[in-house]
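J.: Residue numbers (my numbering), protein chains in the order written: chain A, 111 to 455; chain B, 111 to 455; chain C, 111 to 455; chain D, 111 to 455. Ideal Cβ positions, reconstructed from N, Cα and C, are used throughout, including at glycine. Keep in mind it's a predicted model, so treat the numbers as computed, not measured. Structure incoming, see below.
4 protein chains.
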Amino acid sequence: MNNYSFLDDYSEGCHADILARLIETNLSQQTAYGHDEYSEKARTLMRKHLGNSNVPIYFVSGGTLANLIIASSALKSHEAIISANSGHIALRETGAIEATGHKIIAVPCADGKLTPDIIEATLASNAHYPHMAKPRMVYISNATEVGTVYSRQELIALSELCKQRNLLLLLDGARIGAAITADKSDLTLKDVCDLTDIFWIGGTKMGALMGEAIVIPNNMLAEDFAFHVKQRGALLAKGRALGLQFQVLFENDLFLELSAYSNKMAHKLSSGIVACGFSLAADTQSNQVFPILPNTLIERLKEKFDFYVWESHDNHTSTIRLVTSWATLESEVESFLARVQQDSA
Amino acid sequence: MNNYSFLDDYSEGCHADILARLIETNLSQQTAYGHDEYSEKARTLMRKHLGNSNVPIYFVSGGTLANLIIASSALKSHEAIISANSGHIALRETGAIEATGHKIIAVPCADGKLTPDIIEATLASNAHYPHMAKPRMVYISNATEVGTVYSRQELIALSELCKQRNLLLLLDGARIGAAITADKSDLTLKDVCDLTDIFWIGGTKMGALMGEAIVIPNNMLAEDFAFHVKQRGALLAKGRALGLQFQVLFENDLFLELSAYSNKMAHKLSSGIVACGFSLAADTQSNQVFPILPNTLIERLKEKFDFYVWESHDNHTSTIRLVTSWATLESEVESFLARVQQDSA
Amino acid sequence: MNNYSFLDDYSEGCHADILARLIETNLSQQTAYGHDEYSEKARTLMRKHLGNSNVPIYFVSGGTLANLIIASSALKSHEAIISANSGHIALRETGAIEATGHKIIAVPCADGKLTPDIIEATLASNAHYPHMAKPRMVYISNATEVGTVYSRQELIALSELCKQRNLLLLLDGARIGAAITADKSDLTLKDVCDLTDIFWIGGTKMGALMGEAIVIPNNMLAEDFAFHVKQRGALLAKGRALGLQFQVLFENDLFLELSAYSNKMAHKLSSGIVACGFSLAADTQSNQVFPILPNTLIERLKEKFDFYVWESHDNHTSTIRLVTSWATLESEVESFLARVQQDSA
Amino acid sequence: MNNYSFLDDYSEGCHADILARLIETNLSQQTAYGHDEYSEKARTLMRKHLGNSNVPIYFVSGGTLANLIIASSALKSHEAIISANSGHIALRETGAIEATGHKIIAVPCADGKLTPDIIEATLASNAHYPHMAKPRMVYISNATEVGTVYSRQELIALSELCKQRNLLLLLDGARIGAAITADKSDLTLKDVCDLTDIFWIGGTKMGALMGEAIVIPNNMLAEDFAFHVKQRGALLAKGRALGLQFQVLFENDLFLELSAYSNKMAHKLSSGIVACGFSLAADTQSNQVFPILPNTLIERLKEKFDFYVWESHDNHTSTIRLVTSWATLESEVESFLARVQQDSA
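Here you go:
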């Protein structure tokens, strides 16, 4: 990669404090399989943020692994998951959920967000007993795959509907850091813990080398969970390598700080581009920016930067996607904006 | 852990060179999903050892994950795996293989090792078409779960039988480092690559923080393999974190050096114990030692050391298991032997 | 049921000749598991119709069983099936396909029929390797779930595209009898056998007590198929009970005769209703009729007949669905039409 | 088949009363999917025998289908089944249970029968949490695959242990008719219903053309069961065809009568052979007989009869297996014995 990349939020390694801690603890002998002292400390620190001193927490190495373990542990084989059709499990996990035997009912929705109305309609159109799989879980992502975020009120409404209709609510938090530190968001990790049955906190995209923390507020889903972590190959012998990272991220609120930084860089890009007279295809809610730029400008930007051209907007302009992260260099953001300004001038 | 532990070979972190390299490369932007430069360099280095300049190599974070991806990618649903009943997939993976839909035919065998005769007999007793699952893969571990190793001749015999009987040969190399550097072993990594259809090289137990490298000599098994890595949740966004570790381990033969060291420590324990007049329940072939000691001595050793009491031998003695690793402190081995000697004196 | 039913095409038992033959052969001792003489004779008779003297044929007791055996035997776990979103496997089989581990890519389409263009577009939008399941099979129903049929030219176009794009073509023939004897159809069973990789001929809805015949023109899909029939619980000890039914249905073209009769009754209903001045929501192509009738008339018809009210058309009228079969009594069709006429007069 | 066959108990069609009833009811229009009046009447009749007026009963077409539906509906993916290694699910179902994702823990046992001691030992050796699948169901067959039967006291002991250890007890009743009418048996269908969590009553081997009745005394296992019947392809459109057969079999105790007859024929063979001076390899408990005969006699018998040669006994003699059924001709039994006597004279 010779250009500077705004392709994604996982192009760099991890926050320096994590590497320092790895070195510091490296030769300490620890109990295997997640029972080491770092994992225990990470759990204690996280539980404070979650406002729940007993909630079970498991660390796994990736998001697809988290989602498939949750599906296979929470559901019986006839039970299905309702997801936005833009949902990661529906679109980008190579049928991982189906490979555990479960149907995903993928429904169209605006902005990548499910609503109570959409869920009610989906229940109604999947009620032909016993010829249709039984909807039993609702899957949402926050932030969503298109960068939007749920408000506290929206999550309360989903949570209430799920309780009423005997549905389990799963929140995929690959970008939960960016979501809860978004300007638009009034959600906290504690809210998420209070309002969902199971969710996970993404480390990979927020300063860790790898690792996601599965949190299980609903006790029924916690029963026997460790078997599923092992059965799906996610129980690392050196669980310390995951626990330690979350320990570092949740000491001194580093996790929230890094998340806020990624949003700040997105907003700097977003407002700078708008200031140059260009418009956005979508509101910048978290760490993804979707500006509409002239194709000639896009070509010039590509000489120095990597990013996705999302879709053609009209004959002369296209929407591009810029992703920022905890590691984004502010100087590169400024250099990007300078190039935009040059062209617009 | 206050005592020094001989419980397993994954109680410490990783070799210091790996941490140094992580720091050095940390902020370099890299392509995701295993297409980074460190993974590529690791593959190139490993292929030299394997004597095969094109063999596909995939890195995943754990051994159960490696085994289940291999089973689900290589087999159709009616195909079964023959394994020693002491095999890791048969005994310690929480039904991970069965969860992908495949039957394991677990057969009793001495020393944890399969032989052509055992396989032939298993084929004969599983031939009731179509009422029995079709044996299609043979699973062996080297070193085995009880520390024994296969000779080159033994592996050739298994390989030939598998070709004759249209069976795929999978070698679980969680401890392949200890196996090929064992005194008794005349096998090389190249031999393993020549003689099996698919195998994996364990990093977790040989100096890495985590990570196993799946190697696919049989081209038919390589087709579409990446889909399965992703579908089972093993495709890390920051694949660099795995690739880099194997790069370091295969520069300057570090992998073989660390493996040989773990065996050396085992032999030091083993010969020291024998020199004190005690016997072994099994030959020390790799990095596991099974001495038979008086129960009173065992109690005294437990004051300072952690290890498994394997089984009762007679009224006064028991077999214990001691595992050594790349990180075993020679001083602790000596301290252990001193305590044994004290008692036997 | 006190009313006469047009609800479905499986309300009665089976054609009388089948029962006569069951009695006649009842005490003959036969080899189990589909190797009886009746199954063999059925296969021979069917192969003549199919124009293929060696094509493998397996009998199973139901359509969902046929579909799930085909999916699990033909596909590896990362491979997906493209289906119309009205397809039986996508909508009415309780996630049976997903329960075998495979994703269904359900796509909207007019009239329940897939076209080459829709398939090409689906391939294009599912090409993100390896993050999306690999489309490998195309599933069509003929007649479709809404009663439409494919022309020979349409099937040729699908078949050619599938060959080009390395896709397997599966035809669900639950109502293949009604499809190929439809006025609009120029397809034969031989065409279907020439143009698909695997398909099944429905007995349940065409005169049998139960039973569908899976036909496998593509040799690669035939390999080891019997294992899958057994593994999914479809291998009946008394396979004779299925084979005998197909033997009777394919002697003297009874199958085609009964199918044509069901279409004839549908057309009698259809044209009679139109003659009374009412319109149809859809062309009557096979054995399903969708008239739009005044709600007051629908109420009166319900006093004597059972049928589904499909959907509201406007404030005063609704679309109903009438299904005919090999067993439909012509006198009841006439009685139904008399009531319609009475009201319209 | 030119010879008379003692190969199995499913070589003929079905009891004549069933065929008569099929003819009688053939054109009656019935609700589909098991909600017909014959299925309802069958359930009512069976519930009287079971001493439970509400117990849920589902009809499916075969035994493997019954077993796999039960496993997949009752178990979560980490839960395993304990079975005798001679159990049908372990040995003769092509990995059907594993294909639904569940491990079978197959244990050696005498006479094909599990005991509380064996189960306790199996629990102890499968307790390595969470590295081993969790034993959750116990599978027994009655009569077993080798013709032995459980006494009431034995079943009580198993039932009590299962309740104590939180295990579900599944009884495979493919030959439950022969089991409960065995001379040695003091069990009733009501006992089985009181003592197990779920079981099935085999029709295929006791006078039906096909069909097994799954009975679910444990309410927890009954929840959502219909979804699983449909998902696994077992929900016949014309469920009447199965229900009607059980209706006929449970009117006037025909089921018990036919079962007793099959045992009577087995005992006639057994005692006749013993009377000729030959011995048995195993006690004749139900409808399977295992005489040890001279190889020369076996050759002569094979000229007129079909049966399995089970295993070589010594240089001159072998054990054969003779199976009788509801359809066995007493004249053929006598003819068989005459030939034995001729030779022994």
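Out of curiosity, what's the CA-to-CA distance linking Ile-326/D and Gly-257/B?
T.: Looking at the two C-alpha atoms, the distance is approximately 47 Å.
J.: Determine whether the Cβ of Phe-417/C lies closer than 7 Å to any Cβ atom of chain B.
T.: False, the Cβ-Cβ gap to chain B never drops below 7 Å.
J.: How many whole angstroms separate the CB atoms of Phe-169/C and Thr-204/D, which I take to be in contact at a CB cut-off of 8 Å?
T.: Not really, about 17 Å apart at Cβ, beyond 8 Å.
J.: Under the three-state reduction of DSSP, which class applies to Thr-306/C: helix, strand or coil?
T.: Coil.
J.: Please say whether Ile-199/A and Ile-207/A have beta carbons closer to each other than 7 Å?
T.: For Ile-207/A and Ile-199/A, yes; Cβs fall inside 7 Å.
J.: Which residues in chain D sit within 8 Å of Tyr-120/C, going by Cβ to Cβ distance?
T.: The answer, in chain order, is Ala-142, Ala-347, Lys-348.
J.: What does Ala-284/C reach in chain A if we use C-beta pairs closer than 9 Å?
T.: Result: empty, since nearest Cβ-Cβ is about 14 Å, beyond 9 Å.
J.: State the start and end residues of the unbroken alpha helix (DSSP H) segment that holds Tyr-143/D.
T.: First-last for Tyr-143/D: undefined, no H or E at that position.
J.: Could you tell me whether any Cβ in chain A is nearer than 7 Å to the Cβ of Gly-172/C?
T.: Answer no: the Cβ-Cβ gap between Gly-172/C and chain A never drops below 7 Å.
J.: Determine the contact status of Thr-429/B and Ser-369/B, defining contact as a CB-CB distance below 7 Å.
T.: Result no, Cβ atoms of Thr-429/B and Ser-369/B do not sit closer than 7 Å.
J.: Three or more beta-carbon pairs under 8 Å between the segment 296 to 316 of chain D and the segment 264 to 274 of chain D, yes or no?
T.: These segments touch.
J.: Compile a chain-ordered list of the residues in the segment 291 to 324 of chain C whose CB is closer than 9 Å to at least one CB of chain D.
T.: Here the close residues are Thr-314, Lys-315, Ala-318, Leu-319, Met-320.
J.: List the residues of chain D that Thr-254/B touches, going by C-beta distances under 7 Å, in chain order.
T.: Residues of chain D passing the Cβ test: none, with the nearest at roughly 17 Å.
J.: Report yes or no: is there a C-beta of chain B within less than 7 Å of the C-beta of His-188/C?
T.: With 7 Å as the cut-off, His-188/C counts as an interface residue toward chain B.
J.: Does the segment 157 to 172 of chain B come into contact with the segment 117 to 133 of chain B, if we say contact requires no fewer than three beta-carbon pairs (one atom in each stretch) closer than 8 Å?
T.: At 8 Å Cβ cutoff, the stretches do not touch.
J.: So, Gln-395/A versus Lys-315/A, is the Cβ gap smaller than 7 Å?
T.: Going by C-beta atoms, Gln-395/A is not nearer than 7 Å to Lys-315/A.
J.: Note the first and the last residue of the continuous beta strand (DSSP E) segment covering Arg-449/B.
T.: Run containing Arg-449/B: none in the beta strand (DSSP E); it sits in the alpha helix (DSSP H), 440 to 454.
J.: Residues of chain A with CB closer than 9 Å to the CB of Pro-240/D, please, in chain order.
T.: Within 9 Å Cβ-Cβ: Tyr-143, Asp-334, Phe-335, Ala-336, Phe-337, His-338, Val-339, Lys-340, Gln-341, Leu-345.
J.: Note down, in chain order, all residues in the segment 370 to 396 of chain D with a beta-carbon under 7 Å from any beta-carbon belonging to chain C.
T.: If the cut-off is 7 Å between Cβ atoms, the segment 370 to 396 of chain D has nothing near chain C.
J.: Which residues in chain D have a C-beta closer than 9 Å to the C-beta of Gly-211/B? List them in chain order.
T.: Under the 9 Å cutoff, chain D gives Gly-205, Glu-208, Ala-209, Thr-210, Gly-211.
J.: Can you list, in chain order, the residues of its chain whose CB lies under 7 Å from that of Gln-357/A, leaving out five sequence neighbours each side?
T.: Closer than 7 Å at the Cβ level, and outside the excluded window around Gln-357/A, lie Tyr-148, Lys-151, Ala-152, Leu-155.
J.: Tell whether a beta-carbon distance below 7 Å holds between Gly-172/B and Leu-346/A.
T.: In contact: Gly-172/B and Leu-346/A (Cβ atoms closer than 7 Å).
J.: Does the distance from the C-beta atom of Leu-379/A to that of Val-443/A stay below 7 Å?
T.: For Leu-379/A and Val-443/A, yes; Cβs fall inside 7 Å.
J.: Between which two residues does the beta strand (DSSP E) holding Gln-398/A run?
T.: Unbroken beta strand (DSSP E) run through Gln-398/A: 398 to 404.
J.: Name, please, each residue of chain B whose Cβ falls closer than 9 Å to the Cβ of Ala-288/A.
T.: Within chain B, no residue comes near Ala-288/A; the closest Cβ sits about 15 Å away, beyond 9 Å.
J.: If I measure Cβ to Cβ from Gln-274/A and keep anything under 7 Å in the same chain, skipping five residues before and after, which residues do I get?
T.: Nothing meets the Cβ criterion.
J.: Please compile the residues from chain A whose C-beta is within a distance smaller than 9 Å of the C-beta of Ser-182/D.
T.: Within chain A, the residues near Ser-182/D are Lys-186, Ser-187, His-188, Gly-211.
J.: My output table needs one value for Arg-246/D: the three-state DSSP class, helix, strand or coil.
T.: Three-state DSSP puts Arg-246/D in a strand.
J.: Thinking Met-247/C and Ile-191/C are a contact (beta carbons under 8 Å), I'd like their distance in whole angstroms, please.
T.: With a Cβ gap of about 5 Å, Met-247/C and Ile-191/C count as contacting.
J.: Apply the 10 Å Cβ neighbour rule to Asp-393/B and answer buried if 16 or more other Cβ atoms are within range, or exposed otherwise.
T.: Exposed is the call here.
J.: Nearest chain A C-beta to Arg-202/C closer than 7 Å, yes or no?
T.: Taking Cβ atoms only, chain A reaches closer than 7 Å to Arg-202/C, which makes this a yes.
J.: What number of angstroms, rounded off, separates the C-alpha of Lys-348/B from the C-alpha of Leu-354/B?
T.: Each residue's Cα considered, the two are about 10 Å apart.
J.: With respect to the beta strand (DSSP E) encompassing Ile-430/B, which residues constitute its N-terminal and C-terminal limits?
T.: Looking at the DSSP string, the run of the beta strand (DSSP E) that includes Ile-430/B is 427 to 433.
J.: Using the Cα positions of Ser-435/B and Ser-261/B, report the straight-line distance between them to the nearest angstrom.
T.: In a straight line, the C-alpha of Ser-435/B is about 22 Å away from that of Ser-261/B.
J.: Looking only at its own chain, which residues have a Cβ that is under 7 Å from the Cβ of Gly-321/D, when we skip the five neighbours before and after it?
T.: Excluding sequence neighbours, Gly-321/D sits near Phe-169, Ser-171, Gly-313, Thr-314, Leu-352, Gln-355, Phe-356.
J.: So who's on the other strand from Phe-415/D, going by DSSP bridges?
T.: Bridge partners of Phe-415/D: Tyr-114/D.
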